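**Student:** Counting from 1, one number per residue, gives the positions in the sequence shown under the UniProt record's numbering.
Ideal placement from N, C-alpha and C gives every residue a C-beta, glycine not left out.
For clarity, every value in this text was computed on a predicted model and none was experimentally measured.
This is the structure, below, for whatever I ask next.
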Amino acid sequence: MAGGGGGGGGGGGGAAPAPKQDELQPHPVKDQLPNISYCITSPPPWPEAILLGFQHYLVMLGTTVIIPTVLVPQMGGGNDEKARVIQTLLFVAGLNTLLQTLFGTRLPAVIGGSYTFVVPTISIILAGRYNDIVDPHEKFKHIMRGTQGALIVASTLQIIIGFSGLWRNVTRYLSPLSAVPLVALAGFGLYEFGFPGVAKCIEIGLPQLIFLIVFSQYIPHVIRSEKPVFDRFAVIFSVAIVWLYAYLLTVGGAYKNAAPKTQSHCRVDRSGLVSAAPWIRIPYPFQWGAPTFDAGEAFAMMAASFVALVESTGAFIAVSRYASATQVPPSILSRGIGWQGVGILLDGLFGTANGSSVSVENAGLLALTRVGSRRVVQISAGFMIFFSILGKFGAIFASIPAPIVAALYCLFFAYVGAVGLSYLQFCNLNSFRTKFILGFSIFMGLSVPQYFNEYTSVAGYGPVHTHARWFNDIINVPFSSEAFVAGVVAYVLDNTLHRHDNAIRKDRGRHFWDKFRGFKTDPRSDEFYSLPFKLNKFFPSV
Numbered sequence: 001m002a003g004g005g006g007g008g009g010g011g012g013g014g015a016a017p018a019p020k021q022d023e024l025q026p027h028p029v030k031d032q033l034p035n036i037s038y039c040i041t042s043p044p045p046w047p048e049a050i051l052l053g054f055q056h057y058l059v060m061l062g063t064t065v066i067i068p069t070v071l072v073p074q075m076g077g078g079n080d081e082k083a084r085v086i087q088t089l090l091f092v093a094g095l096n097t098l099l100q101t102l103f104g105t106r107l108p109a110v111i112g113g114s115y116t117f118v119v120p121t122i123s124i125i126l127a128g129r130y131n132d133i134v135d136p137h138e139k140f141k142h143i144m145r146g147t148q149g150a151l152i153v154a155s156t157l158q159i160i161i162g163f164s165g166l167w168r169n170v171t172r173y174l175s176p177l178s179a180v181p182l183v184a185l186a187g188f189g190l191y192e193f194g195f196p197g198v199a200k201c202i203e204i205g206l207p208q209l210i211f212l213i214v215f216s217q218y219i220p221h222v223i224r225s226e227k228p229v230f231d232r233f234a235v236i237f238s239v240a241i242v243w244l245y246a247y248l249l250t251v252g253g254a255y256k257n258a259a260p261k262t263q264s265h266c267r268v269d270r271s272g273l274v275s276a277a278p279w280i281r282i283p284y285p286f287q288w289g290a291p292t293f294d295a296g297e298a299f300a301m302m303a304a305s306f307v308a309l310v311e312s313t314g315a316f317i318a319v320s321r322y323a324s325a326t327q328v329p330p331s332i333l334s335r336g337i338g339w340q341g342v343g344i345l346l347d348g349l350f351g352t353a354n355g356s357s358v359s360v361e362n363a364g365l366l367a368l369t370r371v372g373s374r375r376v377v378q379i380s381a382g383f384m385i386f387f388s389i390l391g392k393f394g395a396i397f398a399s400i401p402a403p404i405v406a407a408l409y410c411l412f413f414a415y416v417g418a419v420g421l422s423y424l425q426f427c428n429l430n431s432f433r434t435k436f437i438l439g440f441s442i443f444m445g446l447s448v449p450q451y452f453n454e455y456t457s458v459a460g461y462g463p464v465h466t467h468a469r470w471f472n473d474i475i476n477v478p479f480s481s482e483a484f485v486a487g488v489v490a491y492v493l494d495n496t497l498h499r500h501d502n503a504i505r506k507d508r509g510r511h512f513w514d515k516f517r518g519f520k521t522d523p524r525s526d527e528f529y530s531l532p533f534k535l536n537k538f539f540p541s542v
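Here's what the structure looks like:
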């Protein structure tokens, strides 16, 4: 396929020559993203693949550390419990990533902790039945078992919707137009985790952001090398430099008299993980005791599970694009959601205090490295399991200051948002119907969660505030997710506004995706998405 025409250079002195006809043509539409160095099925050489896998491990560590750091102290746990929860979350993330890349969508998607499940978990922490427990260690264990029960029940939602093929029937009606708000806000919607996190310690966060952009965007154009080194390993280079700089600031006493909050964000020795982590420990199911079940909490967790399902669908579509694969067939998306449900079940069995979804930051890393290889992500899953068992070594990397992680988010979430916008190439942007659906769904996707989140931060509870905390969560959690609101609004409008008209079908870009509606209608689907070990014979995709 021909690439987009290059710009014509104007002649000296006189008027510029008339542009050639092909230069006036818009850029051609691409089913698969070009300029990817290694696509989903082509692994890089082993040394490079191992380094790239380690980079994915470093990037997913951010969320894995931030969520337990927020939740465990509220549950009554200390540094020991925090280290064990982080180890368990890492271990289960490694297992889930392997399962997803082998039997799920088979995309190079990292399955890690999810912020969506934090609100229902906090509701369990605040439940009245734990108020009588005085010993903080016992309180932590009881709350953890409560979250485990809720997660185990909530996992059934994704398992049933995914494996029954129900999600296949829903995503069949997804067009490029309705995918744009969903995928774009799966990235852009996480803006609150970007610069606000960097600003918590600006003298570390800002240099990290600048170094990351210099290494990935500018240096490759200045230093021409045979192989892309600086852009491909920009995360390792920039994090190493800024982490060392943060260490020197800490040792040099720069934060000796700083406020405790500043110290916790800026110092490299404040996480308390290295001293608390055991040398070797293998997480195992029911390590905190038998799960306890509460119907209301299970329903609230199910609402979060459904929101995570929608967000993950957007992230899967983004990953497929950056892996230079074709559009994910609906049956494969459904299979991936089913396996993600199995992942949430494992979260509940092992006790991670959190559910799982597709890691958006790792989807952005695929874009930065231009390596969408499945093997790289499987290697990163190996690193997750390895470092979760060797606790002390894992804790060293887990103690990277949070503003460094937030700086990485600024770029990676932006890449995922941008890939969402790239699906506009299939749509007619001169159609008023397209403008209405696109503009309204993105605007509401930003505006509705803004209201819910602002209300919560001022009042301390969401706009829906009854005595049944679980009911509040069922309403407040979905409306606090940008990707969920935008995706649902766009999907409903796109499928109810005169969709049967042939011209409108073309405006939505539906005709470009027709060949991916079934698994067998495009021969490339078999190459990218078929199951390993000839399992397709027993579990055919339709």
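Give the single residue among A234, A300, L206 and E226 whose Cα lies nearest to the Cα of Y218.
**Tutor:** A234
**Student:** Hey, how far is the Cα of T352 from the Cα of S275?
**Tutor:** 21 Å
**Student:** Where F195 and A402 are concerned, what is the direct C-alpha to C-alpha distance, given to the nearest angstrom?
**Tutor:** The straight-line gap from Cα to Cα measures roughly 11 Å.
**Student:** Just mark G439 as buried or exposed, buried being the case when its beta carbon has 16 or more other beta carbons within 10 Å.
**Tutor:** exposed
**Student:** Would a C-beta distance cut-off of 8 Å place residue 545 and L89 closer than the cut-off?
**Tutor:** Residue 545 lies beyond the residue range present for the chain, which begins at 1 and ends at 542; the question has no answer from this structure.
**Student:** Run through DSSP, which three-state label would I111 get?
**Tutor:** strand
**Student:** Quick check: the stretch 133-148 against the stretch 322-333, are there 3 or more CB pairs under 8 Å?
**Tutor:** no
**Student:** Considering Cα atoms alone, identify which of P291, T97, G296 and Q263 is closest to T250.
**Tutor:** Q263
**Student:** So, helix, strand or coil for S42, using DSSP?
**Tutor:** coil
**Student:** State yes or no: is the C-beta of residue 544 within less than 8 Å of the C-beta of A318?
**Tutor:** Given that the chain is displayed from residue 1 to residue 542, the structure contains no residue 544 and the question cannot be resolved.
**Student:** Give every residue of the same chain whose Cβ lies closer than 7 Å to the Cβ of H465, excluding the five residues on either side of it in the sequence, and list them in chain order.
**Tutor:** Cβ-Cβ distances below 7 Å link H465 to N472 in the same chain, with the five nearest sequence neighbours on each side left out; the list follows chain order.
**Student:** Pull the bridge partners of V371 from the DSSP assignment, please.
**Tutor:** Y38
**Student:** Is it buried or exposed, S164, if we count other Cβ atoms within 10 angstroms and call 16 or more buried?
**Tutor:** exposed
**Student:** Compute the Euclidean distance between the alpha carbons of R168 and R370, then round it to the nearest angstrom.
**Tutor:** In a straight line, the C-alpha of R168 is about 29 Å away from that of R370.
**Student:** Can you tell me which of the three DSSP states S399 falls into?
**Tutor:** Here S399 sits in coil by DSSP.
**Student:** Give the straight-line distance between the Cα atoms of G6 and P26, rounded to the nearest whole angstrom.
**Tutor:** For G6, the predicted structure reports a pLDDT of 44, less than 50, and the residue's modelled location is therefore unreliable. A value from the coordinates is still provided. Those two C-alpha atoms are separated by around 11 Å.
**Student:** With V360 and L151 assumed to form a contact (beta carbons below 8 Å), what rounded beta-carbon distance in angstroms separates them?
**Tutor:** In fact, because the Cβ distance is near 20 Å, the residues do not count as touching under 8 Å.
**Student:** Residues in its own chain within less than 8 Å of W279 by CB, not counting five upstream and five downstream?
**Tutor:** Only residues of its own chain outside the window of five on either side were considered, and among them L390, G391 and K392 have a CB closer than 8 Å to the CB of W279, listed in chain order.
**Student:** Quick one: using the 10 Å Cβ neighbour count with 16 as the cut-off for buried, is Y461 buried or exposed?
**Tutor:** exposed
**Student:** Considering only residues of the same chain and omitting the five flanking positions on each side of F413, which have a CB-CB separation below 8 Å?
**Tutor:** Scanning its chain for C-beta atoms nearer than 8 Å, with the 5 sequence neighbours on each side dropped, one finds around F413 the residues G187, F188, L190, Y191, F193, G194, V360, E361 and G364, in chain order.
**Student:** In chain order, what residues of the same chain have a beta carbon less than 6 Å from the beta carbon of N495, not counting five sequence neighbours either side?
**Tutor:** In the same chain as N495, and ignoring 5 residues on each side of it, the C-beta atoms closer than 6 Å to its own belong to Y173, in chain order.
**Student:** Per the DSSP calculation, V358 is bridged to which residue(s)?
**Tutor:** Bridge partners of V358 according to DSSP: I111.
**Student:** Helix, strand or coil: how does DSSP classify I173 here?
**Tutor:** Checking the displayed sequence, the identity of residue 173 turns out to be Tyr instead of Ile. Residue state, collapsed to three classes: coil.
**Student:** Provide the residue span of the alpha helix (DSSP H) that contains E23, from first to last.
**Tutor:** No alpha helix (DSSP H) holds E23; DSSP gives it neither H nor E.
**Student:** Are at least three pairs of beta-carbons, each pair with one atom in the stretch 330-349 and one in the stretch 371-386, less than 8 Å apart?
**Tutor:** Not touching, per the Cβ criterion.
**Student:** Please tell me whether A127 and A298 are closer than 8 Å, where the distance is taken between their beta carbons.
**Tutor:** no
**Student:** Three-state secondary structure (DSSP) at W279?
**Tutor:** W279: coil per DSSP, three-state reduction.
**Student:** Specify the secondary structure class of A407 as computed by DSSP and reduced to three states.
**Tutor:** helix
**Student:** Kindly indicate which three-state DSSP category D514 falls into: helix, strand or coil?
**Tutor:** helix
**Student:** Just to confirm, are L71 and M302 a CB contact at a threshold of 8 Å?
**Tutor:** Contact flag unset, no.
**Student:** Assuming W243 is part of the alpha helix (DSSP H), what are its boundary residues?
**Tutor:** In this chain, the alpha helix (DSSP H) harbouring W243 covers A234 to V251.
**Student:** Fully enclosed by the stretch 431-509, which alpha helix (DSSP H) runs are 4 residues long or longer?
**Tutor:** 432-459, 469-479, 482-496 and 502-507
**Student:** Using three-state DSSP, classify I321 as helix, strand or coil.
**Tutor:** For the record, residue 321 in the displayed sequence is Arg; it is not Ile. R321: helix per DSSP, three-state reduction.
**Student:** Suppose the cutoff is 6 Å on Cβ atoms and the five residues either side in sequence are ignored; what does the same chain contact list for G94 look like?
**Tutor:** Only A381, M384 and I385 meet the Cβ criterion.
**Student:** By Cβ distance below 8 Å, which residues in the same chain neighbour L411 in space, the five residues on each side in sequence not counted?
**Tutor:** L209, L212, I213, S216, G364 and L368
**Student:** Just to confirm, are F350 and P283 a CB contact at a threshold of 8 Å?
**Tutor:** yes
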